[in-house]
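Participant:
In this note's numbering, the protein residues as written are 1 to 676.
#1: Using the rule of at least 16 other Cβ atoms within 10 Å of the residue's Cβ for burial, across every protein chain shown, is residue 244 buried or exposed?
#2: Just list the residues that DSSP pairs residue 220 with in beta bridges.
#3: Can you give the Cα-Cα distance for residue 284 and residue 654, rounded to whole angstroms?
#4: Taking the alpha carbon of residue 230 as the point to measure from, which residue in 325, 397, 539 has its own alpha carbon closest?
#5: Below 7 angstroms between beta carbons: does that hold for residue 719 and residue 423?
#6: With DSSP run on the structure shown, which of helix, strand or coil describes residue 181?
#7: Starting from residue 556, follow the alpha helix (DSSP H) in both directions and report where the run begins and ends.
#8: Excluding the five sequence neighbours on either side, which residues of its own chain have a C-beta within less than 8 angstroms of the C-beta of residue 88, listed in chain order?
#9: As an exercise, report each continuous alpha helix (DSSP H) stretch of at least 4 residues that is fully enclosed by the region 269-339, in chain order.
#10: Within the region 371-428, note down every full beta strand (DSSP E) run reaching 3 residues or more, in order along the chain.
#11: Assign residue 188 to one of three DSSP states: helix, strand, or coil.
#12: Does the Cβ of residue 437 have 16 or more other Cβ atoms within 10 Å, making it buried, or fewer, making it exposed?
#13: Going by alpha carbons, who is nearest to residue 370 out of 14, 72, 626, 545?
#14: Quick one: using the 10 Å Cβ neighbour count with 16 as the cut-off for buried, is residue 431 buried or exposed?
#15: Using 7 angstroms as the threshold, is the C-beta distance between residue 97 and residue 23 below it?
#16: Hey, how far is the Cα of residue 130 from the Cα of residue 646?
#17: Residues in its own chain within less than 7 angstroms of residue 178 by CB, not counting five upstream and five downstream?
#18: Going by beta carbon distance, what residues of the same chain come within less than 8 angstroms of residue 304, once the five residues before and after it are set aside?
#19: Is there contact between the region 181-191 and the region 105-125, where contact requires at least three CB pairs shorter than 8 angstroms?
#20: Measuring straight from C-alpha to C-alpha, what distance separates residue 327 and residue 223?
#21: With DSSP collapsed to three states, give me the class of residue 562.
#22: Please check the pair residue 610 and residue 542, which I expect to be a contact at CB under 8 angstroms, by giving their CB distance rounded to whole angstroms.
#23: Compare the beta carbon distance of residue 26 and residue 57 with 7 angstroms and say whether it is the shorter of the two.
#24: From 268, 69, 248, pick the residue whose C-alpha is nearest to that of residue 562; which is it?
#25: Which residues in the same chain as residue 50 place their Cβ atom closer than 8 angstroms to its Cβ, once the five residues preceding and following it in sequence are excluded?
#26: When you compare each of 160, 141, 217, 366 to residue 176 by their alpha carbons, which one comes out closest?
#27: Return the first residue and the last residue of the alpha helix (DSSP H) that residue 114 is part of.
#28: Please report the Cβ distance between residue 101 and residue 310, rounded to the nearest whole angstrom; I am assuming they are in contact, meaning their Cβ atoms lie under 8 angstroms.
#29: Does the region 254-264 come within contact of the region 462-480, defined as at least 3 CB pairs closer than 8 angstroms?
#30: If you measure between the beta carbons of residue 108 and residue 77, is that distance less than 7 angstroms?
#31: Quick check on DSSP: helix, strand or coil for residue 358?
#32: Is there contact here, the region 370-383 with the region 575-593, by at least three beta-carbon pairs under 8 angstroms?
#33: Kindly identify the DSSP beta-bridge partner or partners of residue 603.
#34: Should residue 20 be labelled buried (16 or more other beta-carbon atoms within 10 Å of its own) or exposed?
#35: Start and end of the beta strand (DSSP E) containing residue 46?
#36: Please report the distance separating the alpha-carbon of residue 414 from that of residue 597.
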């Protein structure tokens with residue numbers, strides 16, 4: 001045990017010293033330590049106070065928290081079968097601990113005592129918020145239930161923990177197991193050279209003749225956009241869309257139904273009509289009706305544009321290729337072709353101007369101009385993979401602010417998509433401030449023998465998006481870790497990330513980093529104008545697509561009974577009815593790979609992306625009014641949004657920054673769905 005690096009005192013995760021065999025003993029020991037800390041609070045004979053109860057609870061289990069962050073981050077970014085098996089063993093232990101904590105009657109009695117006495121105390125805003133959050137966390141997790149119901153709640157949480165893990169493991173396995181081998185190079189017309197080069201290298205690595213295409217985003221998206229071979233596009237889309245939906249050991253239909261059933265039963269136990277009602281009580285939206293109305297209003301504005309755009313796409317496909325039956329595997333391809341024709345803008349022409357290394361530098365320059373931050377690459381920090389780059393971040397006074405880990409390329413042990421996470425949150429304890437350790441993880445094209453990693457414009461915005469989340473965590477300036485950084489309502493958490501995307505469309509920002517990787521030529525003004533002109537291209541279809549995901553989420557989680565569910569596919573079709581404008585593909589299903597809601601934290605919350613778009617459109621309008629690098633506006637955003645985390649209600653924070661509530665029309669105007 002003494003040799004276990006996870007149980008030693010460390011600031012930065014000692015990745016190179018950690019072996020899989022260290023995790024289980026580390027969790028067992030840190031769980032034991034956390035239980036002792038809880039018992040100390042409960043056994044304290046003094047009158048319960050904010051200090052000896054609420055603060056003591058907030059700062060308990062720190063070692064457990066650090067070990068958990070390392071383990072589960074690795075299980076997403078660098079997993080293997082052994083780690084996945086461990087996750088199945090460890091997750092129930094954590095669920096049991098969480099239930100033991102939240103259902104501890106003696107502890108809750110002390111918390112309730114402090115909570116009832118709050119009106120007689122002179123708490124700070126942050127102390128009041130922490131007290132409210134902890135009290136609600138207990139009541140919303142069964143503290144007031146009878147013994148039998150608490151027992152059932154424990155069983156549900158244990159099952160949910162295991163089933164969500166199985167769901168994610170199945171999706172990853174399906175992604176890794178898919179290979180599309182193409183032997184004839186003539187079938188690859190239109191596919192970018194770097195994608196073909198990567199596919200050939202992968203085939204050579206696997207000792208096969210030809211080209212291997214996978215479902216990793218850096219491969220999947222370019223093929224869908226550029227492959228002239230319609231059959232190739234179809235095969236790849238069917239592979240992508242059928243993840244977790246095939247008749248094999250990785251089928252997720254049972255997992256979906258089980259998760260939905262357990263979440264509903266849990267919500268009912270706690271006195272809520274549905275899982276969505278339970279979740280939304282702690283969101284800006286508050287109710288299912290508010291979310292449904294919000295999505296319906298956007299859909300009403302977007303659908304006429306979407307229908308018109310689709311007819312234009314169909315006519316275009318018929319005109320240039322004689323396609324009479326436009327299908328889902330055609331949409332991205334003809335959208336890209338039409339975009340090139342309308343705006344004379346080829347995504348492949350833009351890529352050489354977005355070399356990954358230079359985009360990272362430019363991203364840092366944008367943050368420097370806005371928030372006066374400095375990023376210095378360091379090479380002496382331990383990492384979990386050779387691809388990971390590390391930076392130390394400093395503020396305007398050259399004071400250490402945070403550490404940033406960046407992991408940009410796909411590999412077998414890494415799940416799809418992009419995300420931000422932390423290995424350590426910011427907080428203040430015992431008169432010492434702990435600064436955060438933040439990680440952004442993406443899946444961008446790897447460098448090849450002949451080319452560096454070049455990003456599509458969409459990947460540039462993805463990078464800026466995740467960096468926006470990172471800025472939220474890095475700039476945090478609170479006392480308590482559970483209120484720090486991105487620890488805010490889920491329909492507020494996307495504001496900093498989505499706001500950052502806006503700078504990708506501004507020439508003043510683009511000129512900081514958009515240079516041709518071979519000639520060093522700055523991105524020509526005509527391309528910048530075309531990027532802006534085309535930013536609303538097919539916006540109606542894109543908006544209805546996002547709304548449909550929010551509707552699908554609610555179709556699973558706003559249910560007050562699952563007796564009417566005939567099948568996963570039927571439920572999905574009902575959610576997409578009148579929204580999906582292209583013919584359904586019977587062999588595909590989104591729900592069985594919808595990790596955001598069945599493995600991530602977005603159940604009953606997928607609407608948050610559109611909700612936050614309203615906030616970010618209104619916020620960026622303020623920047624544009626005063627200048628996109630205006631010091632005063634940036635300072636207001638940093639001090640009121642980035643630094644304060646969850647210490648104040650989100651709308652109050654937003655009004656402190658903006659001076660007023662957000663204007664819902666700002667999003668619709670930016671999207672071109674209503675006239676200015």
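Think of the CB as a built atom: it goes at the ideal place given N, C-alpha and C, for glycine as much as any other residue.
Facilitator: So, from the listed chains and residues:
#1: As a first step, residue 244 is located in the chain shown; it is residue number 244 there, counting from the start. Residue 244 is buried by the Cβ-count criterion.
#2: Here residue 220 refers to the residue found at position 220 when the chain shown is read from its first residue. Per DSSP, none; premise fails for residue 220.
#3: On the chain shown, residue 284 is found 284 positions in, with the first residue counted as 1. On the chain shown, residue 654 is found 654 positions in, with the first residue counted as 1. Each residue's Cα considered, the two are about 12 angstroms apart.
#4: The sequence position of residue 230 within the chain shown is 230, counting from 1. With distances taken between Cα atoms, residue 230 lies closest to 325.
#5: As shown, the chain starts at 1 and ends at 676. That puts residue 719 outside it, with no answer to give.
#6: Reading the chain shown from its first residue, position 181 is the one you call residue 181. DSSP places residue 181 in strand when its eight states are reduced to three.
#7: Stepping through the chain shown from its first residue, residue 556 is reached at position 556. First-last of the alpha helix (DSSP H) with residue 556: 539-557.
#8: For the purposes of this step, residue 88 is taken as the residue at position 88 of the chain shown. Excluding sequence neighbours, residue 88 sits near 162, 165, 166.
#9: 275-280, 288-321
#10: 374-378, 389-394, 400-407, 419-424
#11: In the chain shown, counting from the first residue as 1, residue 188 sits at position 188. Residue 188: helix per DSSP, three-state reduction.
#12: Against the chain shown, residue 437 aligns to sequence position 437. It counts as buried.
#13: Here residue 370 corresponds to residue number 370 of the chain shown, with the count starting at 1. That would be 626, whose Cα lies nearest to the Cα of residue 370.
#14: Position 431 of the chain shown, counted from the start, is the residue given in the question as residue 431. Exposed: under 16 other Cβ atoms inside 10 Å.
#15: For the purposes of this step, residue 97 is taken as residue 97 along the chain shown, with counting starting at 1. For the purposes of this step, residue 23 is taken as residue 23 along the chain shown, with counting starting at 1. The answer is no: Cβ separation not under 7 angstroms.
#16: Counted from its first residue, the chain shown places residue 130 at position 130. Counted from its first residue, the chain shown places residue 646 at position 646. Roughly 9 angstroms separates the two Cα atoms.
#17: Taking the first residue of the chain shown as 1, we reach residue 178 at position 178. If we look at residue 178 and ignore the five residues flanking it on each side, its Cβ neighbours are 214, 215, 239.
#18: Position 304 of the chain shown, counted from the start, is the residue given in the question as residue 304. Taken in chain order, the residues that qualify are 540.
#19: no
#20: Against the chain shown, residue 327 aligns to sequence position 327. Against the chain shown, residue 223 aligns to sequence position 223. Approximately 15 angstroms, taken between the alpha carbons.
#21: Residue mapping note: residue 562 aligns to position 562 of the chain shown, counting from 1. Three-state result, residue 562: coil.
#22: Stepping through the chain shown from its first residue, residue 610 is reached at position 610. Stepping through the chain shown from its first residue, residue 542 is reached at position 542. In fact, because the Cβ distance is near 11 angstroms, the residues do not count as touching under 8 angstroms.
#23: Walking along the chain shown from the start, residue 26 turns up at place 26. Walking along the chain shown from the start, residue 57 turns up at place 57. Cβ atoms of residue 26 and residue 57: not closer than 7 angstroms.
#24: Position 562 of the chain shown, counting from 1, holds the residue named residue 562. Closest by alpha carbon: 268.
#25: The residue given as residue 50 occupies position 50 in the chain shown. Same-chain partners within the cutoff: 114, 121, 123, 127, 131.
#26: Counted from its first residue, the chain shown places residue 176 at position 176. For residue 176, the nearest C-alpha among the options comes from 217.
#27: The count along the chain shown starts at 1 and reaches residue 114 at position 114. Unbroken alpha helix (DSSP H) run through residue 114: 105-116.
#28: Taking the first residue of the chain shown as position 1, residue 101 is located at position 101. Taking the first residue of the chain shown as position 1, residue 310 is located at position 310. Wrong, their Cβ atoms sit about 51 angstroms apart, outside the cutoff.
#29: no
#30: As a working note, residue 108 is residue 108 in the chain shown. As a working note, residue 77 is residue 77 in the chain shown. Contact flag unset, no.
#31: Sequence index remark: in the chain shown, residue 358 carries index 358 (1-based). It is helical.
#32: no
#33: Within the chain shown, residue 603 is the residue found at index 603, counting from 1. Beta-bridge pairing links residue 603 to no other residue.
#34: Position 20 of the chain shown, counted from the first residue, corresponds to residue 20. That one is exposed.
#35: Locating residue 46 in the chain shown gives position 46, counting from the first residue. Careful: residue 46 lies outside any beta strand (DSSP E) and carries neither H nor E.
#36: Mapped onto the chain shown, residue 414 falls at position 414. Mapped onto the chain shown, residue 597 falls at position 597. Those two C-alpha atoms are separated by around 19 angstroms.
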